[in-house]
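K.L.:
Numbering-wise (my numbering), the sequence shown opens with residue 44 and increments by one.
Glycine included, each C-beta is placed from N, C-alpha and C at the ideal position.
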Amino acid sequence: MERKQLLLDAAHFRHATKAFDPDQKISEEDFSFLLEIARLSPSSIGLEPWKFVVIQNEAIRKELSTYSSGAVKQLETASHFVIILARMMRVMIQRMQSIPTSRTCQKKRSNNILSLRIAHFQDVNINILDGDRTLFDWASKQTYIALGNMMSAAAGIGIDSCPIEGFHYEKVTSYLQQKGILKQDDPYDVSVMVAFGYRASEPKYPKVRQSQQEIVEWIE
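#1: What do you get for residue 127, buried or exposed, if any count of 16 or more other CB atoms within 10 angstroms of its CB means buried?
#2: Suppose only complete runs of 4+ residues qualify. What are the alpha helix (DSSP H) ranges in the segment 167–221, listed by chain order?
#3: Would the segment 101–114 and the segment 212–223 be scored as touching if the rule is three or more Cβ pairs under 8 Å?
#4: Leaving out five residues on either side along the sequence, give the residues of the same chain with a beta carbon under 6 Å from the beta carbon of residue 205.
#5: Taking DSSP as the reference, what is the three-state secondary structure of residue 232?
#6: Would you identify the three-state DSSP class for residue 223, choosing helix, strand or coil?
#7: How long is the line joining the alpha carbons of residue 100 and residue 203, rounded to whole angstroms?
#8: Classify residue 81 as helix, strand or coil using the three-state DSSP reduction.
#9: Tell me whether residue 251 is buried or exposed, calling it buried when 16 or more other Cβ atoms sit within 10 Å of its Cβ.
#10: Alpha carbon to alpha carbon, how far is residue 90 from residue 143? Give it in angstroms, no decimals.
#11: Quick check on residue 251 - is its C-beta less than 8 Å from some C-beta in chain B?
#12: Can you tell me whether DSSP reads residue 90 as helix, strand or coil?
#13: Quick check: what's the CA-CA separation for residue 181 versus residue 121?
#14: For residue 226, which option in 125, 187, 130, 68 has the closest C-alpha, if you only look at C-alpha atoms?
#15: Ordered along the chain, which non-local residues of its own chain (more than five positions away) have a Cβ less than 6 Å from that of residue 115?
#16: Thinking just about the alpha-carbon of each residue, which of 68, 243, 199 is nearest to the one in residue 48?
#17: Is the beta carbon of residue 186 sitting closer than 8 Å to the one on residue 259?
#18: Report all residues from its chain with a CB closer than 6 Å to the CB of residue 183; omit the five preceding and five following residues, and keep chain order.
#19: Near residue 208, what residues of its chain come up, given a Cβ to Cβ distance below 8 Å and the 5 sequence neighbours on each side ignored?
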């Protein structure tokens, strides 16, 4: 029961923090813990199609806010600010089909098995190979699993967070390329942003959610 209550307490604690206390910083140990939670997150077929770019440079943050209307206060005040990239899956799939990695070898997952799984997705499930956009959307979905895990873990240790989609994707990508953070030939694109820190003030309103009766349907 204690573990359940700890998780519930974390869920009630978490809210989308718009402004953080700029003087209160997350310790290196705690943020390393959050990155490890992200690294250990599950992904479809175990492809881990993500990269986590931690933006701590104040000048870059200020310039990013020009293209990120939904992240202005967070970029200014967050202890840590992360841009989560999604790997261009066509490149990822081609690489994994042609070059066995140590991880796949350790798990005895042959390229043939991987190819069969991808073919199953294509022929039976979601037609992921139909276009680059479909592949990116699939990869981006995986990054949201890591995003959710990071925010839940952060709440569990008293750290606030805010997921952010309010930015101009093309302009942010172009800016990251100009700064050399993203290379022109990098197999990544911007998926989502997230800010971490400690709230500057308590939420003005209590957390409001639909009841389980409204959102859950049991089929027996």
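P.N.:
Looking at the coordinates:
#1: Stepping through the sequence shown from its first residue, residue 127 is reached at position 84. With 16 or more Cβ atoms within 10 Å of its Cβ, residue 127 is classed as buried.
#2: As far as the segment 167–221 is concerned, its whole alpha helix (DSSP H) runs of at least 4 residues are 175–199, 212–221.
#3: yes
#4: Translated into positions along the sequence shown, residue 205 becomes position 162. Contacts found: 59, 60, 117, 238.
#5: Residue mapping note: residue 232 aligns to position 189 of the sequence shown, counting from 1. Residue 232: strand per DSSP, three-state reduction.
#6: The count along the sequence shown starts at 1 and reaches residue 223 at position 180. Coil.
#7: Here residue 100 refers to the residue found at position 57 when the sequence shown is read from its first residue. Here residue 203 refers to the residue found at position 160 when the sequence shown is read from its first residue. So the alpha carbons of these two residues sit roughly 20 Å apart.
#8: By one-based count along the sequence shown, residue 81 stands at place 38. Residue 81: helix per DSSP, three-state reduction.
#9: To locate residue 251, count along the sequence shown from 1; it is residue 208. So residue 251 ends up on the exposed side.
#10: Start at 1 with the first residue of the sequence shown, and residue 143 comes out as number 100. Start at 1 with the first residue of the sequence shown, and residue 90 comes out as number 47. Reliability fails at residue 143, whose pLDDT of 47 lies under 50, so the model's placement of it is uncertain and the value that follows must be treated cautiously. Each residue's Cα considered, the two are about 13 Å apart.
#11: Absent from the structure is chain B; it holds one protein chain and no more.
#12: Taking the sequence shown and counting its residues from 1, the one referred to as residue 90 is at position 47. Reduced to three states, the DSSP call for residue 90 is coil.
#13: Sequence index remark: in the sequence shown, residue 181 carries index 138 (1-based). Sequence index remark: in the sequence shown, residue 121 carries index 78 (1-based). About 29 Å.
#14: Stepping through the sequence shown from its first residue, residue 226 is reached at position 183. If we check each option's Cα against that of residue 226, 130 comes out closest.
#15: Residue numbering aside, residue 115 sits at position 72 when the sequence shown is read from its first letter. Once the five neighbours on either side are set aside, the close Cβ partners of residue 115 are 108.
#16: What you label residue 48 is simply residue 5 of the sequence shown in a count that begins at 1. Measuring from the Cα of residue 48, the nearest candidate turns out to be 199.
#17: If you number the sequence shown from 1, residue 186 lands on position 143. If you number the sequence shown from 1, residue 259 lands on position 216. Contact: no.
#18: Here residue 183 refers to the residue found at position 140 when the sequence shown is read from its first residue. Here the set comprises 129, 234.
#19: Start at 1 with the first residue of the sequence shown, and residue 208 comes out as number 165. Taken in chain order, the residues that qualify are 113, 235, 236.
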